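Novice: First residue of the sequence shown: 2, per the numbering used here; consecutive thereafter. Encoded as structure tokens, here's the structure I'll be asking about.
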Amino acid sequence: MRLNIRLIVNILGLLLMLNGTSMLLCLPFSIYYREELWHLALSGGITLFTGLLIWLLTRREQNKELKKKDGYLIVTLGWLCMSAFGTLPYMLSDTIPGFTNAFFETISGYTTTGASIMTDIEAAPKGILFWRSLTQWIGGMGIIVLAVAILPILGIGGMQLFVAEAPGISPDKMKPRIKEVAKRLWFIYLGLTLVETVLLMFGGMTFYDAINHSLTTMATGGFSTKNASIAYYDSAYIQYVIIIFMFLAGTNFTITYFGLKGRFRKVWKNEEFRNYLIIVVLLSVAISFFVFSSKWEGFEKSFRDSLFQVISIITTTGFVTADYTAWAPFLTIIFFLLLFMGGSTGSTSGGIKVVRHTLLFKNSFLEMKRQLHPSAVIPVRLNGAAVSRNITYNVLAFVMIYLLVYGVGVFLLSFTGVEFDTALGAVATSLGNVGPGLGEVGPVNNFYGISPFGKWLLAFLMLLGRLELFTVLMLFNRNFWQKW
């Protein structure tokens with residue numbers, strides 16, 4: 002199976018055109034706040050022109066059939082190209098000095114990780130901060146999925162792109178045509194973003210702050226326009242609104258679609274959603290009682306802070322209203338473990354995902370039954386249906402590789418001289434696309450002090466986590482490049 006190089010480059014050109022157009026959308030905020038325009042205008046122009054030139058030079062490709070290998074390569078290279086060009090607004094405006102720092106911030110945006118190196122966010126130009134938030138919104142659902150809705154118009158099938166970018170989403174659950182699925186997902190994504198923006202404005206946020214936080218909430222990204230993140234807003238209303246939308250963003254968008262259609266029985270029958278809800282509720286209640294019993298805060302504030310931090314970490318959003326590492330050592334361990342949880346499949350969350358944890362635990366307990374009854378056929382069941390062994394093996398392989406990559410990442414980052422707890426937290430939060438970690442990269446700190454090598458390592462881990470390991474790692478397999 003040969004790679005369709007000309008078509009791959011053609012689609013990368015299309016993605017850069019979309020990327021450049023997105024940069025130009027930030028100009029109204031620069032105009033409104035009377036800032037210099039040339040940084041964003043030049044960045045958008047360079048990116049748009051480069052993408053257009055690439056697209057025009059390769060548009061006459063006759064073979065427009067995308068194979069699976071093509072899809073994997075497009076998604077990985079697409080994220081890298083968008084991140085490379087996405088550094089231009091930061092560098093030209095001198096908001097972030099140096100390509101390493103700018104690339105780290107950009108890929109943290111596109112992968113919706115939210116790990117930042119900016120030490121004074123509020124001093125940055127408004128237009129640049131909006132670009133920063135927009136990178137997360139674009140990366141949340143995936144600009145690739147947006148391209149899937151456009152590619153059929155150009156005569157290019159997009160199924161392989163969709164599978165490579167969003168392996169957790171089940172297109173057949175909503176509509177048989179992939180183009181329609183992508184459109185519906187984006188309409189839901191856009192609609193929830195607009196609704197949250199309005200609700201946050203009712204709570205006293207300016208339109209600018211409301212739209213920025215809505216973009217990064219629905220993307221489960223966590224970039225904020227304030228140095229103190231959501232802790233800046235001492236408002237129960239604003240924090241509860243963000244809690245609700247973080248939870249929705251961490252929910253499978255197919256389930257959200259059924260909920261909007263009023264098919265609540267179908268929503269509740271989904272085992273992953275039930276487990277996701279139960280984990281959030283039980284952990285939040287348990288932690289809030291401990292925080293309250295320690296007499297640090299009143300009960301409502303204890304509950305709100307606990308609920309906010311639990312949902313923020315589980316959904317890999319990374320917003321902060323309190324420093325959970327200052328509560329108690331055993332609570333720090335709990336939040337560290339939550340860095341490996343992740344939200345639902347088919348959501349904008351990163352991490353291992355609830356459904357994989359569910360299948361892993363079910364298979365582990367059933368294995369004890371199989372040992373007692375070696376002749377019995379005891380399949381793992383999810384939502385009442387038997388799960389094929391291929392899926393079970395895939396989950397086991399994913400978790401094993403995830404933990405292996407994590408261990409190697411901690412080992413390599415430790416060589417840069419960071420403290421061990423910082424290495425544990427930084428690698429976990431980067432691979433899980435969460436944002437805050439432990440130690441020097443905890444909830445009230447950032448990644449500025451990490452060495453250049455460490456930043457490139459963590460950037461690579463962000464990409465691995467966002468594309469769920471296999472999409473990127475298979476490019477390092479020599480069989481991928483064989484012509485057969």
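For every residue, glycine included, the Cβ atom is placed at its ideal position computed from N, Cα and C. Fair warning: this is a prediction, and the values are worked out from it, not measured in the lab.
Helix, strand or coil, according to DSSP, for R35 in the structure here?
Specialist: If DSSP states are grouped into helix, strand and coil, R35 belongs with coil.
Novice: Alpha carbons only, please: which of F30, H40, I129 and E181 is nearest the one belonging to T207?
Specialist: Minimum Cα distance to T207 is reached at F30.
Novice: Return yes when at least one heavy atom of the ligand COA lies under 7 Å from the C-beta of F300, else no.
Specialist: Here there are no bound small molecules, and the ligand COA is not part of this structure.
Novice: Tell me, please, which residues DSSP counts as bridged to R382.
Specialist: R382 pairs with A387.
Novice: Contact defined as beta carbons within less than 8 Å: I believe L361 pairs with G410. What is the distance between those atoms, to the nearest angstrom?
Specialist: About 21 Å; that fails the 8 Å criterion.
Novice: Between the alpha carbons of D173 and G418, how many angstroms are there, rounded?
Specialist: Confidence in D173 is poor, its pLDDT being 43 and thus under 50, which makes the residue's placement unreliable; the coordinate value appears in the next sentence. The straight-line gap from Cα to Cα measures roughly 49 Å.
Novice: Measuring alpha carbon to alpha carbon, tell me which of T326, T257, Y33 and V381 ends up nearest P437.
Specialist: When each option's Cα is compared against that of P437, the closest is T326.
Novice: Is it the case that the Cβ atoms of G115 and F224 are separated by a distance below 8 Å?
Specialist: Cβ distance < 8 Å, so G115 and F224 count as in contact.
Novice: Is the beta carbon of L249 closer than 8 Å to that of L193?
Specialist: In this structure, L249 lies closer than 8 Å to L193 by Cβ.
Novice: Can you tell me whether E66 is helix, strand or coil according to DSSP?
Specialist: It is coil, neither helix nor strand.
Novice: If we ignore side chains and look at the alpha-carbon of each, how far apart do N5 and I97 end up?
Specialist: Each residue's alpha carbon lies about 37 Å from the other.
Novice: Which class does A142 belong to by DSSP, given the choice of helix, strand or coil?
Specialist: It is worth fixing the name first, because residue 142 is Met in this sequence and not Ala. M142 falls in the helix class under three-state DSSP.
Novice: Should the region 102-115 be regarded as contacting the region 5-16, the criterion being three or more beta carbon pairs within less than 8 Å?
Specialist: As far as the Cβ criterion goes, the region 102-115 does not touch the region 5-16, which means the pair count is below three.
Novice: For A424, which residues in the same chain have their Cβ closer than 7 Å to its Cβ, ignoring the five residues on either side in sequence?
Specialist: Taken in chain order, the residues that qualify are V411, L414 and S415.
Novice: Between which two residues does the alpha helix (DSSP H) carrying A424 extend?
Specialist: F421 to L432 is the span of the alpha helix (DSSP H), which, as asked, contains A424.
Novice: Select from T101, V292 and Y34 the residue whose C-alpha is nearest the C-alpha of A329.
Specialist: Comparing Cα positions, the closest option is V292.
Novice: How far does the alpha helix (DSSP H) with N1 in it reach, from first residue to last?
Specialist: Since the displayed the chain opens at 2 and closes at 485, residue 1 lies outside it and no answer follows.
Novice: Starting from the C-beta of P168, find all residues in its chain whose C-beta is less than 6 Å away, skip the five residues before and the five after it, and write them out in chain order.
Specialist: Confidence in P168 is poor, its pLDDT being 47 and thus under 50, which makes the residue's placement unreliable; the coordinate value appears in the next sentence. These residues qualify, in order along the chain: E469.
Novice: Does the Cβ-Cβ distance between L373 and V406 come in under 8 Å?
Specialist: Not a contact, by the Cβ cut-off of 8 Å.
Novice: Could you compute how far the alpha carbon of M83 sits from the alpha carbon of L54?
Specialist: So the alpha carbons of these two residues sit roughly 16 Å apart.
Novice: Below 8 Å between beta carbons: does that hold for I486 and V321?
Specialist: The first residue shown for the chain is 2 and the last is 485, placing residue 486 beyond what the model contains.
Novice: By Cβ distance, which residues of its chain are closer than 6 Å to D210, with the 5 residues on each side in sequence left out?
Specialist: Result list for D210: T226, in chain order.
Novice: Less than 8 Å separating the beta-carbons of T346 and E273?
Specialist: Yes, they are a contact pair.
Novice: Give the DSSP-derived three-state secondary structure of D306 in the structure shown.
Specialist: In this structure, D306 counts as helix in the three-state DSSP scheme.
Novice: Out of N213, Q137 and L201, which has the shortest C-alpha to C-alpha gap to T221?
Specialist: Closest option to T221, Cα to Cα, is Q137.
Novice: Short of 8 Å in beta carbon distance, which residues of its chain neighbour N228, apart from the five on each side in sequence? Order them along the chain.
Specialist: If we look at N228 and ignore the five residues flanking it on each side, its Cβ neighbours are D121, I122 and E123.
Novice: When DSSP labels each residue in this structure, what does F224 get in the three-state scheme?
Specialist: In this structure, F224 counts as coil in the three-state DSSP scheme.
Novice: How big is the Cα-Cα spacing for G408 and G263?
Specialist: Whole-angstrom Cα-Cα distance: 44 Å.
Novice: Here's the rule: buried if 16 or more other CB atoms are within 10 angstroms of the residue's CB, otherwise exposed. What is I154?
Specialist: Any answer about I154 is weak, because its pLDDT of 45 lies below 50 and its placement is not dependable; what the coordinates show is given next. Flag for I154 reads exposed.
Novice: Note down, in chain order, each residue of its chain lying with its Cβ closer than 7 Å to the Cβ of K267, except the 5 sequence neighbours on either side.
Specialist: If we look at K267 and ignore the five residues flanking it on each side, its Cβ neighbours are F259.
Novice: Hey, could you find the ends of the alpha helix (DSSP H) M18 is sitting in?
Specialist: Start and end: I6 to L25.
Novice: Going by other Cβ atoms of all chains shown within 10 Å of its Cβ, with 16 needed for buried, is R35 buried or exposed?
Specialist: Result: exposed.
Novice: Runs of 4 residues minimum, wholly inside the region 261-292: which ones carry the alpha helix (DSSP H) assignment?
Specialist: Listed in chain order, they are 265-270.
Novice: Buried or exposed for I157, going by 16 or more other Cβ atoms inside 10 Å?
Specialist: In this prediction, I157 has a pLDDT of 46, which is less than 50 and means its spatial position is unreliable; nothing more can be read from the coordinates.
Novice: What residues in its chain sit with their C-beta under 6 Å from that of L339, if we drop five residues either side in the sequence?
Specialist: Contacts found: I314 and I315.
Novice: Nearest to T88 by alpha carbon, out of I47, L67, V76 and K68?
Specialist: Out of I47, L67, V76 and K68, I47 has the C-alpha closest to the C-alpha of T88.
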